[in-house]
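This report refers to the structure that appears directly beneath it.
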Amino acid sequence: MFRFEELDIWRLSVDYGKGCYAIASEFPKHELFALGSQLRRASLSISNNIAEGSVGSSANFKKYINTAIGSVLETVNILNFAYEIGYINLDIKKEKYNQAELLIKKMRSFANSLD
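Residues in the sequence shown are numbered consecutively from 7, following our numbering.
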């Protein structure tokens with residue numbers, strides 16, 4: 007087992023990403039390679055950065071965690087935009103927003119523990 011696979015933040019990021027993938031698959035066909043692709047790439051970037059950062063020093067890992075947090079925020083922005091243009095409903099937006107807040111909180115806590 008790789009170090010990152012043991013991390014709660016990695017598991018949460020994978021679950022969050024899977025949810026984003028499911029949402030993106032429901033976008034209109036003309037958005038699958040535009041907004042849908044952007045959401046999929048941003049959500050996958052979260053767990054990718056956690057995995058990639060896990061092999062370096064603690065200082066380097068913190069940089070990757072911060073990049074992962076940026077990717078979470080990117081997904082939140084995309085989901086907000088998707089809501090604004092009617093691609094997702096308020097319940098989905100709120101659910102993903104709450105998951106994103108929890109994930110960011112746990113990633114910040116983990117990054118602080120690396121000091």
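Quick reminder that beta carbons are idealized off the backbone N, C-alpha and C, glycines included.
So, does the region 110-120 touch the region 24-38, judging by three or more C-beta pairs under 8 Å? no
Apart from the five residues just before and just after R9, which ones in its own chain have a Cβ nearer than 7 Å to its Cβ? S60
Close beta carbons around Y93, own chain, < 6 Å, minus the five adjacent residues each side: F33
Check this for me: beta carbons of K68 and L120, under 8 Å apart or not? yes
Which two residues bound the contiguous alpha helix (DSSP H) that contains A6? This structure cannot settle anything about residue 6, because the visible part of the chain is limited to 7 through 121.
From which residue to which residue does the alpha helix (DSSP H) around F116 run? 96-119
For L79, count neighbouring C-beta atoms within 10 Å of its own C-beta (all shown protein chains included) and say buried if the count is 16 or more, exposed if not. exposed
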